[in-house]
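Student: One structure coming up, written as structure tokens, with questions to follow.
Chains as they are written, first to last, in the working numbering: chain A, 37 to 549; chain B, 37 to 549.
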């Protein structure tokens with residue numbers, strides 16, 4: 037029912053199957069209001085290639101119950117992709133209570149042919165601890181009742197998602213996820229981060245996702261409720277979210293707000309559309325402002341959807357190319373609070389280690405490094421560790437080590453003259469990996485790493501430290517450092533030479549010529 | 037003929053008029069091959085809103101001369117926007133020479149009704165010094181001959197662009213621009229950077245633009261020949277380029293390469309189109325690969341054009357919003373070599389100063405800061421300098437200065453108790469501007485600046501230094517620093533307290549409560 041096809045960091049591309057229907061993750065499910073269908077599911081399927089939508093089982097139950105049972109939810113929505121139904125939990129959050137039992141809602145969801153069903157939960161939202169505890173207890177009780185009802189009636193065609201509540205109280209979230217792990221749900225759904233997103237509290241949201249992902253493991257899909265803005269899509273995917281829904285394309289449109297991957301613009305302040313979608317290619321901002329409000333909202337909502345689906349495709353391509361981290365570094369600059377939250381990711385050693393373990397060993401495209409932060413990427417950390425463990429720490433190194441600038445060629449004859457011996461090893465300096473043994477320099481990732489000269493200059497102290505460690509691990513007795521014509525490499529060579537000298541390791545700095 | 041409507045950094049939005057035709061800058065002119073018109077000028081006008089195109093006067097002269105004279109270039113191209121004609125200089129670069137004199141080409145350009153004409157020049161390309169000097173001399177001679185011919189015949193309907201040659205030899209470039217300044221051309225056109233872009237030598241390209249812009253001043257438009265990739269558009273605009281042309285949308289398409297704002301993708305390696313343009317919204321990568329080559333190239337070229345025009349609109353919006361630097365910081369992460377070139381901009385004091393002078397004092401949207409580099413932005417530098425000069429260095433400050441955390445309110449009564457006096461000034465600390473006087477905190481840019489907490493932590497030493505300078509400039513005698521509940525602000529307060537203490541300035545650190 038869920039198969040993982042490719043991965044990068046904690047993000048993955050997966051294939052989700054429900055009966056004969058299928059969709060690819062990361063999957064964005066637009067919220068469809070079953071009553072108004074402001075933008076229809078069919079339109080989304082035809083124009084955006086939407087493979088799934090989400091709608092509200094409780095609203096259907098109250099207002100369209102008979103028709104839904106008769107026709108089934110797919111026919112009613114005129115959509116043949118995957119339909120997920122939220123249970124009405126959101127109505128609990130907004131209006132305090134719903135007029136239906138967990139059993140009623142659960143059986144109704146099965147009856148109307150939902151593909152992915154959510155039990156009636158009690159969302160935590162953002163609230164005090166006592167209230168949060170209550171919502172977790174009530175949610176867990178509802179889940180038991182739901183599973184019992186399904187078992188009793190002997191129906192379970194849909195995939196069932198376990199809503200994880202607890203909100204910003206991480207220990208409650210953890211407890212909720214732990215309890216649900218053994219209950220036999222098909223996937224998990226993290227509840228109610230919308231207020232966090234509206235308040236730009238991305239760091240807290242990321243922490244919540246991370247806590248949950250660690251507990252539920254990596255086998256099953258994780259859904260995030262109400263992940264409203266494409267700005268955060270790459271981040272939540274990189275943290276392991278596989279699916280998410282949102283109504284913001286429409287809610288923002290109603291507020292005359294225009295969504296981009298880097299933020300939100302007010303329609304009355306747009307002079308030029310920074311977008312090439314069919315809507316924006318066909319109309320100018322002035323023309324849009326001149327339309328009737330209803331038509332204007334419909335067009336903004338359509339653009340907002342194009343923006344969301346575009347971002348999903350960019351994320352998927354980045355996963356396939358092993359460049360999800362590059363995308364995060366770029367998107368982190370959408371807002372200072374998002375940047376702050378990105379820094380939280382990049383300073384969380386445990387999380388980085390987990391990302392390292394889940395990132396493939398090679399990738400189709402090269403690695404682009406920019407600043408110090410880029411060096412904390414899982415791929416770089418792993419490459420450095422592997423160099424150390426699988427090369428330098430291995431026994432049997434030669435006594436002599438010649439260090440050449442990474443960009444210089446030199447004949448064996450000339451090297452022999454320099455060393456004054458027949459037997460030596462050669463490694464390259466001036467790279468973000470410290471020293472790269474000559475025989476590995478044309479392998480991944482060393483040969484496919486691009487970086488600015490500036491970076492080497494800025495982290496030269498760290499690089500010297502790393503190179504010294506590598507040299508000590510290799511047990512070399514005599515180091516021959518060949519200089520360079522480039523000043524920054526010459527400076528690096530001198531620093532290394534001095535550091536070795538201080539440690540009593542015999543080193544010899546040789547002029548370029 | 038050229039009117040500047042808005043500006044940010046050295047970039048501007050301008051209105052270019054030729055006769056009754058007009059276009060807005062920054063202006064991207066797609067190259068139209070007059071013979072094949074692979075994608076027609078009319079299609080570009082209708083689908084992209086193209087206001088101008090460029091074509092080749094020499095090719096028209098040789099192959100379509102009579103028809104062009106009879107119909108005029110607009111009718112021949114079936115395009116009613118601005119038509120710029122390159123002179124054939126490119127053919128000189130490629131094939132060594134052209135079979136036409138500067139006079140012939142010049143009069144032909146006028147005769148076919150070109151709106152923007154270029155004299156027959158001798159492009160430098162990337163070559164040795166001697167050859168470069170020769171190209172500059174020949175170009176200057178050709179310009180004289182062109183102007184003489186136009187004067188003699190008494191025709192000059194078109195705007196005439198002076199091609200600036202010299203290539204990577206900055207002193208030659210400078211000399212060429214200086215000579216041309218007095219010749220009476222309507223605009224300038226910097227020659228032949230294509231090999232630099234193909235070699236990712238962005239730093240050199242940026243230097244060339246900067247050298248030229250300084251010499252020609254800011255009154256007239258600057259065109260850049262062959263600026264091929266949207267990745268560099270924001271940078272060249274920020275350095276003062278108003279117009280640029282390129283054929284790469286088509287050349288890349290012919291190589292099955294797909295352009296994005298962040299780079300180039302090979303069609304055979306795309307799984308998902310990271311774009312929402314009408315082409316990419318209508319077809320999947322697999323479907324595209326399945327088409328006949330000719331149709332496939334046409335569609336890739338159309339997408340590439342959508343990508344270029346989208347980037348232009350994003351740049352214009354950024355200029356209007358005063359956020360061009362934010363766009364650069366984001367786009368600098370498209371490639372390490374571009375990042376390196378961006379760092380060159382951010383470390384060029386003279387250039388930054390020039391940007392400062394040309395950036396408006398306020399802007400419609402707030403300022404988003406991310407890392408240390410963001411603090412080098414012209415807007416930030418200027419705000420800091422103005423604070424110093426117009427506030428702290430002004431005479432008449434009180435003796436007592438109370439420093440509050442930027443995010444804390446405190447009643448006058450409480451402040452009085454702390455100071456033990458009736459008369460004192462209040463300023464805020466914990467901001468990227470150092471100290472902000474209380475009465476200025478709700479003014480631009482102070483109230484509209486967003487930054488991550490992390491930034492304040494990372495530059496705390498610099499901030500302490502800045503605050504000390506501000507305090508000394510104000511001549512305050514006694515500083516009362518009120519602590520904070522946040523640790524990073526408490527740390528900053530302690531550091532400031534210590535620094536003042538060391539300098540013998542009387543300071544008093546007051547606990548939060």
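From the three backbone atoms N, C-alpha and C, an ideal C-beta is built for every residue, glycine too. Given the structure is predicted, the values throughout are model-derived calculations rather than measurements.
(1) At least one CB of chain A closer than 8 angstroms to the CB of residue 387/B: is that the case?
(2) Taking all protein chains shown into account, do 16 or more other C-beta atoms lie within 10 angstroms of the C-beta of residue 276/A, making it buried, or fewer, making it exposed?
(3) Could you tell me the boundaries of the beta strand (DSSP E) in which residue 120/B lies?
(4) Excluding sequence positions up to five away, which residues of its chain have a Cβ less than 8 angstroms from the Cβ of residue 324/B?
(5) Closer than 7 angstroms by beta-carbon distance: list the chain B residues that pair up with residue 267/A, in chain order.
(6) Within the continuous beta strand (DSSP E) that includes residue 473/B, where are the two ends?
(7) By Cβ distance below 6 angstroms, which residues in the same chain neighbour residue 502/A in space, the five residues on each side in sequence not counted?
(8) Taking the continuous alpha helix (DSSP H) assigned at residue 344/B, which residues delimit it?
(9) Using a Cβ cut-off of 8 angstroms (strictly closer), state whether residue 350/B contacts chain A.
(10) According to DSSP, is residue 115/A part of a helix, a strand, or is it coil?
(11) For residue 202/A, count neighbouring Cβ atoms within 10 angstroms of its own Cβ and tell me buried if that reaches 16, exposed if not.
(12) If we cut at 8 angstroms on Cβ distances, does residue 533/A have a partner in chain B?
(13) I'd like to know if residue 342/A contacts chain B, where contact means its C-beta is closer than 8 angstroms to some C-beta of that chain.
(14) Confirm the yes/no value for this check: CB of residue 105/A, any heavy atom of the ligand SAH, distance under 7 angstroms.
(15) If we define contact as Cβ-Cβ less than 8 angstroms, is residue 415/A a contact residue for chain B?
(16) With the cut-off set at 8 angstroms, would you say residue 312/A and residue 346/B are in Cβ contact?
(17) List the residues of chain A that residue 406/B touches, going by C-beta distances under 8 angstroms, in chain order.
(18) For a test of the three-state rule: what should DSSP assign to residue 461/B, helix, strand or coil?
(19) Under the three-state reduction of DSSP, which class applies to residue 135/B: helix, strand or coil?
(20) Assign residue 212/B to one of two classes, buried (16 or more other C-beta atoms within 10 Å of its C-beta) or exposed (fewer than that).
(21) With a threshold of 7 angstroms on Cβ separation, who are the neighbours of residue 241/A within its own chain once the five nearest residues in sequence on each side are excluded?
(22) Leaving out the 5 sequence neighbours to the left and right, which residues in its chain are closer than 7 angstroms to residue 97/B when beta-carbon positions are compared?
(23) Using 8 angstroms as the threshold, is the stretch 510 to 526 of chain A in touch with the stretch 426 to 436 of chain A, meaning 3 or more CB pairs across them?
(24) In chain B, which residues lie less than 9 angstroms from residue 468/A when you measure between Cβ atoms?
(25) Just how far apart, CA to CA, sit residue 455/A and residue 516/A?
(26) For residue 375/B, report the span of its alpha helix (DSSP H) as first-last.
(27) Helix, strand or coil: how does DSSP classify residue 407/B here?
(28) Helix, strand or coil for residue 448/A, going by three-state DSSP, please let me know.
(29) To the nearest whole angstrom, what separates the beta carbons of residue 238/A and residue 260/A, a pair I think is in contact under 8 angstroms?
(30) Which chain B residues sit within Cβ distance under 8 angstroms of residue 312/A?
(31) Kindly say whether residue 317/B, judged by its beta-carbon, lies nearer than 8 angstroms to any beta-carbon of chain A.
(32) Tell me the rounded alpha-carbon separation between residue 124/A and residue 278/A.
(33) With a threshold of 6 angstroms on Cβ separation, who are the neighbours of residue 418/A within its own chain once the five nearest residues in sequence on each side are excluded?
(34) Among the candidates 344/A, 348/A, 408/A, 342/A, whose CA atom is the shortest distance from the CA of residue 365/A?
(35) So, using beta-carbon positions, are residue 49/B and residue 59/B closer together than 8 angstroms?
(36) Where does residue 150/A land, buried or exposed, given buried means 16+ other C-beta within 10 angstroms?
Tutor: So, from the data block:
(1) Judged by the 8 angstroms Cβ criterion, residue 387/B is not in contact with chain A.
(2) Burial call: buried.
(3) Under the DSSP assignment, residue 120/B falls in the beta strand (DSSP E) whose first and last residues are 118 to 122.
(4) Taken in chain order, the residues that qualify are 303, 332, 335, 336.
(5) Per Cβ cutoff of 7 angstroms: no residues; residue 267/A is ~12 angstroms from chain B at best.
(6) Residue range 470 to 473 is occupied by the beta strand (DSSP E) that includes residue 473/B.
(7) If you ignore the 5 residues before and after residue 502/A, its C-beta comes within less than 6 angstroms of the C-beta of 470, all in its own chain and listed in chain order.
(8) First-last of the alpha helix (DSSP H) with residue 344/B: 329 to 357.
(9) Residue contact with chain A for residue 350/B: present (Cβ-Cβ distance below 8 angstroms to some residue of chain A).
(10) Coil at residue 115/A, not helix or strand.
(11) By the neighbour-count rule (16 or more Cβ atoms within 10 Å), residue 202/A is buried.
(12) At a cut-off of 8 angstroms between C-beta atoms, residue 533/A does not count as an interface residue with respect to chain B.
(13) Chain B, which has a Cβ nearer than 8 angstroms to the Cβ of residue 342/A, makes this yes.
(14) Within the structure as shown, the ligand SAH is missing, as the structure has no ligands at all.
(15) No, its Cβ sits nowhere closer than 8 angstroms to a Cβ of chain B.
(16) The answer is yes: Cβ separation under 8 angstroms.
(17) Simply 368, 369, 372, 375.
(18) Residue 461/B falls in the strand class under three-state DSSP.
(19) The three-state secondary structure of residue 135/B, taken from DSSP, is coil.
(20) Counting other Cβ atoms within 10 Å of its Cβ, residue 212/B reaches 16 or more and is therefore classed as buried.
(21) Excluding residues within five positions, the ones whose Cβ falls inside 7 angstroms are 229, 232, 233.
(22) Excluding sequence neighbours, residue 97/B sits near 136, 141, 144.
(23) When C-beta atoms of the stretch 510 to 526 of chain A are compared with those of the stretch 426 to 436 of chain A, three or more pairs fall below 8 angstroms, so the two segments count as touching.
(24) Correct list: empty, because the minimum Cβ distance to chain B is about 10 angstroms.
(25) Roughly 7 angstroms separates the two Cα atoms.
(26) Unbroken alpha helix (DSSP H) run through residue 375/B: 372 to 382.
(27) Coil.
(28) The three-state secondary structure of residue 448/A, taken from DSSP, is helix.
(29) In fact, because the Cβ distance is near 13 angstroms, the residues do not count as touching under 8 angstroms.
(30) The contacting residues are 311, 312, 313, 314, 342, 343, 345, 346.
(31) Closer than 8 angstroms to some Cβ of chain A, the Cβ of residue 317/B qualifies, so yes.
(32) Computed Cα separation, rounded: 22 angstroms.
(33) Cβ neighbours of residue 418/A beyond the five flanking positions: 392.
(34) Of the listed residues, the one whose Cα sits closest to residue 365/A is 408/A.
(35) Contact annotation: residue 49/B and residue 59/B have beta-carbon atoms that are not nearer than 8 angstroms.
(36) With 16 or more Cβ atoms within 10 Å of its Cβ, residue 150/A is classed as buried.
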